[in-house]
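Participant: Supplied in structure tokens, the structure appears directly below.
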Amino acid sequence: MNQVSDSNSAVMMFVAGLNSPLLQEANDKYGHKVNIVTIDEQHFSTSVDQFGNTIYDVATIPDDTYPNLQVGWLFGFGDNSLETLSVDAVLILSKRWVDTYGSKPMTLFEDALWRSIDDIKLIVGK
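Residue numbers (our numbering): 7 to 132.
Rendered as structure tokens:
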């Protein structure tokens with residue numbers, strides 16, 4: 007982020023969760039030097055992996071999620087919602103881990119995740 011904020015020609019693409027501590031920190035620390043820009047694309051959202059699954063979806067960062075990073079085109083006025091790319095979260099386990107611990111920890115993890123889904127939606131906004 008330092009390299010982007012100190013350059014007139016640098017750009018960065020990275021993946022982070024909506025309302026994540028990383029983006030909140032970027033909003034506070036770098037919002038006066040960098041902006042999130044909308045993605046106007048045709049290729050990312052149609053890209054697929056080796057199994058034919060789409061890799062990216064188009065999503066919207068709601069207005070004022072990151073007020074310092076989402077600056078409107080007219081001096082900050084108007085709706086500052088941005089179209090961007092999103093990815094699904096994927097949890098990958100090694101076969102060795104599963105052989106060692108079995109499926110019970112994953113069942114407990116999935117159960118905890120589903121019980122927390124309403125709280126997660128409040129944080130993420132969906």
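Built from N, CA and C at the ideal position, the CB exists for glycine as well.
#1: For VAL90, count neighbouring C-beta atoms within 10 Å of its own C-beta (all shown protein chains included) and say buried if the count is 16 or more, exposed if not.
#2: List the whole-angstrom C-beta distance separating ASN25 from VAL130, where the pair is believed to meet the contact cut-off of C-beta under 8 Å.
#3: Considering only C-alpha positions, which residue in the set GLN56, ILE61 and LYS39 is nearest to GLN48?
#4: Just checking my contact of SER87 with ILE67 at CB under 8 Å: how many whole Å lie between their CB atoms?
#5: Among the candidates ASN41, SER51, GLY37 and THR44, whose CA atom is the shortest distance from the CA of VAL93?
#6: DSSP three-state call for GLU47: helix, strand or coil?
#7: What does DSSP give as the partner residue(s) for THR90 in the beta ladder?
#8: To which residues does DSSP link VAL54 through a beta bridge?
#9: Keeping to the same chain, check which residues put their C-beta closer than 8 Å to that of ALA22; ignore five residues upstream and five downstream.
#10: Check the C-beta distance from GLY37 over to ASN74 and give it rounded, since I have them as a contact under 8 Å.
#11: Ends of the alpha helix (DSSP H) at ALA32?
#12: What do you get for VAL40, buried or exposed, if any count of 16 or more other CB atoms within 10 angstroms of its CB means buried?
Facilitator: The relevant details are as follows:
#1: Here residue 90 corresponds to residue number 84 of the sequence shown, with the count starting at 1. As written in the sequence, residue 90 is Thr, which differs from the Val given in the question. Its Cβ being crowded by 16 or more others within 10 Å, THR90 is buried.
#2: The residue you call residue 25 lines up with position 19 of the sequence shown. The residue you call residue 130 lines up with position 124 of the sequence shown. Yes, ASN25 and VAL130 are in contact; Cβ-Cβ is about 6 Å, under 8 Å.
#3: Counted from its first residue, the sequence shown places residue 48 at position 42. Minimum Cα distance to GLN48 is reached at ILE61.
#4: As a position in the sequence shown, residue 87 is number 81, starting the count at 1. As a position in the sequence shown, residue 67 is number 61, starting the count at 1. About 6 Å separates the two Cβ atoms, so the contact holds.
#5: Here the question's residue 93 lines up with position 87 in the sequence shown. If we check each option's Cα against that of VAL93, SER51 comes out closest.
#6: As a first step, residue 47 must be located in the sequence shown, where it is residue number 41. Reduced to three states, the DSSP call for GLU47 is coil.
#7: Reading the sequence shown from its first residue, position 84 is the one you call residue 90. ALA65.
#8: On the sequence shown, residue 54 is found 48 positions in, with the first residue counted as 1. DSSP lists THR60 as partners of VAL54.
#9: As a working mapping, residue 22 is identified with position 16 in the sequence shown. Around ALA22: LEU28 and LEU29.
#10: As a working note, residue 37 is residue 31 in the sequence shown. As a working note, residue 74 is residue 68 in the sequence shown. Confirmed, Cβ separation roughly 2 Å.
#11: For the purposes of this step, residue 32 is taken as the residue at position 26 of the sequence shown. Its alpha helix (DSSP H) spans residues 27–36.
#12: Taking the first residue of the sequence shown as position 1, residue 40 is located at position 34. So VAL40 counts as buried.
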